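What follows is a set of notes on a single structure, which appears directly below.
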Amino acid sequence: MKRNHLIANGAVFVFFLFMLIHAFGLHEIRRFGEVGSGFWPLLVLSSATILSLILLIREWRSKGGEKEERPEGNEGDSGGNRIKVFGSILCLLFYVIGMPFVGFILSTFIFILFFIFVLGERRKWILALSPPLVTGLIVLVFGKLISMPLPKGVGIFADFSRLFY
351 MKRNHLIANG
361 AVFVFFLFML
371 IHAFGLHEIR
381 RFGEVGSGFW
391 PLLVLSSATI
401 LSLILLIREW
411 RSKGGEKEER
421 PEGNEGDSGG
431 NRIKVFGSIL
441 CLLFYVIGMP
451 FVGFILSTFI
461 FILFFIFVLG
471 ERRKWILALS
481 PPLVTGLIVL
491 VFGKLISMPL
501 PKGVGIFADF
511 SRLFY
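Number 501 in the working numbering belongs to position 151 of the sequence shown; there are no gaps in the numbering.
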């Protein structure tokens, strides 16, 4: 198994490195004081390249003959995982379809709430705090700091979105 993991991690590292090298050729279009369009691909690809290199080194240094241990009681859990995957896909589909109509803030809030519920989170304080915190953080970073236009929605939803960005 170790050889397969090394090959897979090496392939991922080479892919991200290849994409990073080509991302340096992107032409930045920006106004004074704003982050250019070439910044985000470079940031994401640099992070992915570094993380995949760390994963490759960690796999290379690990002991070769170790048998993978599976947690007890997960043999018959594939039905629950299928439900989570299907529910996650449905959440994402409704999120993408609904965002142009209800706007970024409301659709992201609802998406995060349903998504973490589908993944199995039942603690009420997590369900109550995660959607507003994550949505607020995304709006702050992308809507305010980076000045990236976010979908506002239609009608009353657009008016609601204009209160925030």
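Backbone N, C-alpha and C define an ideal beta-carbon position, used for all residues, glycine too.
Owing to the predicted nature of the structure, the values given are computational and were not obtained by experimental measurement.
Are Leu392 and Ala373 close, meaning C-beta to C-beta below 7 Å? Numbered from 1 along the sequence shown, position 42 holds the residue referred to as residue 392. Numbered from 1 along the sequence shown, position 23 holds the residue referred to as residue 373. Yes.
With DSSP run on the structure shown, which of helix, strand or coil describes Leu477? Position 127 of the sequence shown, counting from 1, holds the residue named residue 477. Helix, per DSSP.
Glu471 by DSSP, collapsed to three states: which one? Within the sequence shown, the letter at position 121 stands for residue 471. In the structure shown, Glu471 sits in coil (DSSP, three-state: anything other than H, G, I, E or B).
To the nearest angstrom, report how far apart Ser511 and Phe389 are at their CA atoms. Counted from its first residue, the sequence shown places residue 511 at position 161. Counted from its first residue, the sequence shown places residue 389 at position 39. The C-alpha of Phe389 is placed about 27 Å away from the C-alpha of Ser511.
Would you report the Cα separation of Gly448 and Arg411, rounded to the nearest angstrom? Here the question's residue 448 lines up with position 98 in the sequence shown. Here the question's residue 411 lines up with position 61 in the sequence shown. Between Gly448 and Arg411, the C-alpha separation is close to 46 Å.
For Phe366, which residues from the same chain have a beta carbon less than 7 Å from its beta carbon, with the 5 sequence-adjacent residues on both sides left out? Locating residue 366 in the sequence shown gives position 16, counting from the first residue. Excluding positions up to five away in sequence, the list reads Leu395, Ala398, Thr399, Ser402.
Between Ile407 and Pro450, what straight-line distance do the alpha-carbon atoms span, to the nearest angstrom? As a first step, residue 407 is located in the sequence shown; it is residue number 57 there, counting from the start. As a first step, residue 450 is located in the sequence shown; it is residue number 100 there, counting from the start. Each residue's alpha carbon lies about 43 Å from the other.
Is Val468 closer than 7 Å to Ser438 when the C-beta atoms are compared? Within the sequence shown, residue 438 is the residue found at index 88, counting from 1. Within the sequence shown, residue 468 is the residue found at index 118, counting from 1. By the CB criterion at 7 Å, Ser438 and Val468 fall inside the cutoff.
Spatial neighbours of Ala508 within its chain, please: CB distance less than 7 Å, with the 5 preceding and 5 following residues excluded, ordered by chain position. Along the sequence shown, read from residue 1 onward, the residue named residue 508 stands at position 158. Exclusion of the five residues before and after Ala508 leaves Gly453, Lys502 as the residues of its chain whose Cβ lies within less than 7 Å of its Cβ.
Please work out which residues of its chain come closer than 8 Å, Cβ to Cβ, to Glu409, disregarding the five sequence neighbours upstream and downstream, and give them in chain order. Position 59 of the sequence shown, counted from the start, is the residue given in the question as residue 409. Cβ neighbours of Glu409 beyond the five flanking positions: Lys352, His355, Leu356, Asn359.
Ile496 in three-state terms, based on DSSP: What you label residue 496 is simply residue 146 of the sequence shown in a count that begins at 1. Coil.
Within a Cβ cutoff of 7 Å, which residues of the same chain sit near Leu463, ignoring the five residues on either side of it in sequence? Counting from one through the sequence shown, the residue named residue 463 turns up at place 113. Closer than 7 Å at Cβ, skipping near neighbours: Leu477, Pro481.
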